[in-house]
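A.B. asks: Protein chains in written order, with the numbering used here: chain A, 884 to 1083; chain B, 4 to 638; chain C, 13 to 350. Glycine included, each C-beta is placed from N, C-alpha and C at the ideal position.
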Ligand code: HEA
Ligand code: HEA
Ligand code: CUA
Ligand SMILES: [Cu+2]
């Protein structure tokens, strides 16, 4: 078929930022499908809970401190996370490097406490359905923590190499920060499920 | 390096050089490793389609085996254990390895061409998706060959699939096969959504998107919202079986019906994941054969969206006999019936398209007509089983078997076969045989109806499904024999179809760019398309671009030739925003899929496989994403 | 009512016919099944007509412009007025669809209601599903008059029967199409199903939920008897197992209580008190053995006991090694347990 050139795109940037970046949308879409996984797991929790005569069921309630500590750490990490996102937006390599180191530490810290949190549930996954579902909720969230911390560590390493100063990498850092917000926010409903008052 | 300026643009050189340089940049390397490493959506799509059709063939042979066993009372072809494996394999294979993947596969091939871009979004994820799908299919079939095939039905109800009543690894293999296919489908869904949102040709506003692309967009959202349910379900099942959790164990506070809710919250949308792409194919093929644009574009889009939304409110209609509260069940009757309305809108719009069109009776069109006949009938039986009291008589009988083969084969496979005849010339560059095509359409249409219509009657006469045999004093013998014989006619049609498809690849008449004089963009490029799809990205001015611009296609220039470059446009208005790069070929997706498969299969045997298996997965993923300093990495 | 007759006459040729033990939704023998058959007929007719209309319109659309030769390269020439008129027709068809499906929803809702309305004090029978047989317990206000049987439910004609459904292992589903729609038996949940038989007769029922390797051979029969016959039969079932009438049967009783049989089966009045398999106290009074697999005769009992895995592969009764004499004796004894 014959063609007629009617537009010249040579002036466009070689990489789009924000909503002009496919990776941004990819991250968003992944958040949607993982979010629906979280929502379904919470629905399973509520379903089993509605059938149980008492809740917690056949076990003492969990100890609160590890959960509170994790929540505080996660919420606190949102501040440097926000800074990293802004610095990445400004393509400030030095600050992004520092920020990512901080975020790596702030990602590993709750993971360590998370280990104690499992012990503080006071029930095993194979004791009964209550134990199964709260272990599963916690494990699901922990998986997300681990993968995102892994991602942060790799990005952090990358930023110290010759590939660091690149608009694409800064975009990746922004997307990673967005995903971290998702990981933190999904924790809140799970926290309520695990530790919320018994009338909830 | 070669003396060519670093930043070479298509505006600076003549057309031949443009094509040569683009081919150089986008081509897949020769040889085994080149084939493994490719990220070309056309090569992967073709592989995906062929693999899915192989599974159709295998599943069809299982269907014939079942018909052999059921042809006479007290049949002796298969024993009870083998029969149960066979029907489970048939159902699981058809749903998870054929019907859903084949629709995704068609989209992988067609969507980038239809929206006028050079590759799908996240091409490496696409390669990964195919390998994972292949691994899942192999897992199921190798297990079956080793007499470890699942025997719990395609929806694996607990407790029958649980730790107590399904010893061995059969149920685990079924559950893990689901994990594989869901990962593959989710990956494709993500790619489709981003491709449609961001990679449409300049000017392709929302109301100019081809209807098949719309269908795939809606389908992808359904996939993303529904498939997590089965992932949650199958993971819980494996945990119950492997590490002793109690999700489905009523003795420890779990619940048997929880499984059914989870399965059908996915399972019902699943059938629309199969059906909606098929309707998109109808909408996209019809204009070429009635010689006019489809009637009611907006209504068709809205009805697809409505079906997508409603599909999440119907799952309980598979559970009408489980003793849920009657009032709640009546709600699900109403919502199931309601879906007849958007389905009707689609049918009526297509008929309105036919009404003023000038029909051209070529093979794809014959399949469209077969679709009308068969799908509407299957929809009607769907409306019947949606009634709670009525369903208590026909649930789990051959009436339901008839219903779903009518909608699956009539509603999805017929359009799919039409689509193969229609897009084959684009994919292969040669036409399939029109003469054989008529025979294929005829044999399959007649054979199908003869084979499956009597099942309605069998169901009403009390024949339950999933029975490996029935006694001679029950009045089902003659009809079953008739059904079995008719299924041979159906199989003959399929056989002819496969012969035609294979033969035409070598000896079919060359197709030319646009053999059907169709209006959408995939026909603007050569058949088969070059590795870069379009030498220059088309600019879209209306919903039927090739009919509006019959002589000259408006295109955009200014893209680089030395890196894989695509155009990013805005979500609603498709205004160009960036010249984005598209990744090069890579072996990492293959390694990632391989290590993931080892992890998933290992986890059937030991939970530690998850821990140790994640290390190679992580390495493969880092390799995948680590920049290689290619021009694609520039910004 | 005329409509009802019309529907019945349309559907009747499809029904299984009058053979004993019919199992067909189109051969109703009680009020529930009758109103369901009516509903099936009504839906079939409405949906059939809609389908036919759609096909006719498709046919007309195809035929009406067959000859019309217009230049092939003007696929975009549309007449806006015509398109708008077509839009109105499509809209009308959509509205008609809304009306029809609303109507269908309403009649199915009404049918549900008519099913749940039962009159009279029901007979309560407990039905428990096992892989792959049924345990049947007839309850009574006085607990010492409970009777346990298997694979056959006898009911009095004209009196509603309430089945209390439970499952011992996996999900099963009780379905006696000539009398009522099906209802699942689910572990951990209690379901029930009420129906009435209007005429004496034998109605076949079959497990409708896939429950494992022998799902296909998990049938049972519902025998509807006139009320006085039913009462007499129930009294008979309350009695202990018949005492052997001859030497062979006595030897058979020894086998049944001395060998492994007793570990799984109960024969009231003998030491056999197992609960893994069907109660055999009155096994010979039932129509079939092994959940509808074989008619009850001395020969079939012998065949079953000699090789249960050959008759019903995969079922839960193992082959108990017996000598030829023992086998003959035990089957004679079983056949005497009326
Ligand atoms: C492509 C797949 C597909 C499609 C499109 C459908 C479409 C529909 N299905 Fe089906 N269904 C299956 C695949 C599909 N189904 C499968 C696989 C199963 C069995 C699973 C298993 O148990 O193994 C099943 C089972 C199933 C059940 C459970 C039955 C049982 O187990 O007892 C029910 C119950 O409500 C149901 C209902 C419907 C309805 C109401 C529609 C509607 O969407 C149909 C709407 C379409 C029309 C109605 C025709 C067009 C409309 C008009 C021409 C307008 C005029 C219409 C009227 C006035 C009525 N389906
Ligand atoms: C898209 C999905 C799909 C498709 C295409 C089919 C196609 C067919 N199905 Fe399938 N079916 C299901 C989905 C599908 N089915 C599902 C989900 C179930 C439920 C399972 C469950 O209960 O768990 C089911 C259950 C099911 C049953 C009920 C089993 C039971 O309850 O016991 C039966 C019985 O007749 C059957 C038959 C057939 C037949 C004869 C075909 C034919 O159309 C197949 C025709 C195709 C071929 C035959 C292949 C091509 C043939 C050749 C190339 C010829 C060469 C072959 C030889 C020389 C041997 N199917
Ligand atoms: Cu019990 Cu099927
Ligand atoms: Cu459904």
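Answer with yes or no whether the minimum CB distance from residue 541(B) to chain C is below 8 Å.
C.D. replies: No, residue 541(B) lies away from the interface with chain C (no Cβ there is under 8 Å from its Cβ).
A.B. asks: Using three-state DSSP, classify residue 287(C) as helix, strand or coil.
C.D. replies: Here residue 287(C) sits in coil by DSSP.
A.B. asks: Assuming residue 889(A) is part of the beta strand (DSSP E), what are its boundary residues?
C.D. replies: Residue 889(A) -> beta strand (DSSP E) spans 885 to 891.
A.B. asks: Kindly indicate the opening and closing residues of the alpha helix (DSSP H) around residue 299(C).
C.D. replies: Here residue 299(C) belongs to no alpha helix (DSSP H), and DSSP marks it neither H nor E.
A.B. asks: Cα separation between residue 60(B) and residue 501(B)?
C.D. replies: Residue 60(B) and residue 501(B): Cα-Cα distance of roughly 9 Å.
A.B. asks: Please confirm if residue 399(B) has its CB atom under 8 Å from at least one CB of chain C.
C.D. replies: Answer yes: the Cβ-Cβ gap between residue 399(B) and chain C drops below 8 Å somewhere.
A.B. asks: Excluding the five sequence neighbours on either side, which residues of its own chain have a C-beta within less than 8 Å of the C-beta of residue 16(B), listed in chain order?
C.D. replies: Only 24, 564 meet the Cβ criterion.
A.B. asks: Taking the alpha-carbon positions, what's the residue 473(B) to residue 409(B) distance?
C.D. replies: Each residue's Cα considered, the two are about 24 Å apart.
A.B. asks: Just by C-beta distance, which residues in the region 257 to 283 of chain C are closer than 8 Å to chain B?
C.D. replies: If the cut-off is 8 Å between Cβ atoms, the region 257 to 283 of chain C has nothing near chain B.
A.B. asks: In the DSSP output, what is residue 195(C) paired with across the bridge?
C.D. replies: Partner(s): 186(C).
A.B. asks: Since residue 183(C) meets chain B, which of its residues come closer than 8 Å, beta carbon to beta carbon?
C.D. replies: In chain order: 160, 162, 163, 259.
A.B. asks: Starting from residue 83(B), find everything on chain C with Cβ-Cβ shorter than 8 Å and list it in chain order.
C.D. replies: Correct list: 225, 226, 228, 325, 326.
A.B. asks: Beta-carbon within less than 6 Å of residue 288(C)'s beta-carbon, same chain only, minus the 5 sequence neighbours each way: which residues are those?
C.D. replies: Answer for residue 288(C): 276, listed in chain order.
A.B. asks: With burial defined as no fewer than 16 other Cβ atoms inside 10 Å of the residue's Cβ, what is the status of residue 255(C): buried or exposed?
C.D. replies: Under this definition residue 255(C) is an exposed residue.
A.B. asks: What residues sit near ligand 3, counting only those whose C-beta is closer than 6 Å to one of its heavy atoms, in chain order?
C.D. replies: With the cut-off at 6 Å, the residues found are 141(C), 144(C), 184(C), 219(C), 221(C), 222(C), 223(C), 227(C), 230(C).
A.B. asks: Distance, Cα to Cα, residue 247(B) vs residue 241(B)?
C.D. replies: C-alpha separation (whole angstroms): 9 Å.
A.B. asks: Any idea which residues DSSP pairs residue 150(C) with across the strands?
C.D. replies: DSSP, once it has assigned bridges, lists 137(C), 159(C) as partnering residue 150(C).
A.B. asks: Would residue 292(B) count as contacting chain A if we go by Cβ distances under 8 Å?
C.D. replies: Not closer than 8 Å to any Cβ of chain A, the Cβ of residue 292(B) fails to qualify, so no.
A.B. asks: With which residues is residue 584(B) paired in a DSSP beta bridge?
C.D. replies: DSSP output for residue 584(B) lists 568(B) as bridge partner(s).
A.B. asks: Going by DSSP, what residue range makes up the beta strand (DSSP E) through residue 535(B)?
C.D. replies: Unbroken run through residue 535(B): none, as it is neither H nor E.
A.B. asks: Using a C-beta to C-beta distance shorter than 9 Å, which residues of chain B count as neighbours of residue 965(A)?
C.D. replies: Ordered by position in chain B, no residue passes the 9 Å Cβ test against residue 965(A), which lies about 23 Å from the chain.
A.B. asks: Along chain B, in chain order, which residues have C-beta atoms closer than 7 Å to that of residue 163(C)?
C.D. replies: Per Cβ cutoff of 7 Å: no residues; residue 163(C) is ~15 Å from chain B at best.
A.B. asks: DSSP on residue 23(C), reduced to helix/strand/coil?
C.D. replies: Unreliable placement is indicated for residue 23(C), whose pLDDT of 49 sits below 50; no coordinate value is reported for it.
A.B. asks: Can you find a heavy atom of ligand 1 that lies under 7 Å from the Cβ of residue 889(A)?
C.D. replies: Result no, Cβ not under 7 Å from ligand 1.
A.B. asks: Can you check whether the C-beta of residue 342(C) is within less than 8 Å of a C-beta belonging to chain B?
C.D. replies: For residue 342(C), the answer is no, since every Cβ of chain B falls outside 8 Å of its Cβ.
A.B. asks: Restricting to runs no shorter than 4 residues, where is the alpha helix (DSSP H) found entirely within the region 216 to 289 of chain C?
C.D. replies: The region 216 to 289 of chain C contains these whole alpha helix (DSSP H) runs: 239 to 250, 259 to 270, 273 to 276.
A.B. asks: If you measure between the beta carbons of residue 520(B) and residue 440(B), is that distance less than 8 Å?
C.D. replies: Result no, Cβ atoms of residue 520(B) and residue 440(B) do not sit closer than 8 Å.
A.B. asks: Helix, strand or coil: which one does DSSP assign to residue 144(B)?
C.D. replies: Helix.
A.B. asks: Comparing the C-beta of residue 220(C) with each C-beta of chain B, is any distance below 8 Å?
C.D. replies: Closer than 8 Å to some Cβ of chain B, the Cβ of residue 220(C) qualifies, so yes.
A.B. asks: Give every residue whose Cβ lies closer than 6 Å to any heavy atom of ligand 4, listed in chain order.
C.D. replies: Working through the chain, the matches are 271(B), 274(B), 317(B), 320(B), 321(B).
A.B. asks: So residue 122(B) contacts chain A; which residues on that side make the cut at Cβ distance below 7 Å?
C.D. replies: None at all; the shortest Cβ gap to chain A is about 11 Å.
A.B. asks: So, with DSSP's three-state summary, where would you put residue 938(A)?
C.D. replies: Three-state result, residue 938(A): coil.
A.B. asks: Run down chain A in chain order and give the residues with a C-beta less than 7 Å from the C-beta of residue 273(B).
C.D. replies: Ordered by position in chain A, no residue passes the 7 Å Cβ test against residue 273(B), which lies about 15 Å from the chain.
A.B. asks: If distances are taken between C-alpha atoms only, which option among 960(A), 946(A), 980(A), 898(A) comes closest to residue 1045(A)?
C.D. replies: Closest by alpha carbon: 980(A).
A.B. asks: Give me the subset of the region 179 to 208 of chain C whose CB atoms are less than 7 Å from a CB atom of chain B, sorted by chain position.
C.D. replies: Listed by position along the chain: 181, 182, 183, 185, 189, 193, 194, 195, 196, 198, 199, 200, 201, 203.
A.B. asks: The alpha helix (DSSP H) spanning residue 276(B) covers which residue range?
C.D. replies: Element bounds for residue 276(B): 259 to 293.
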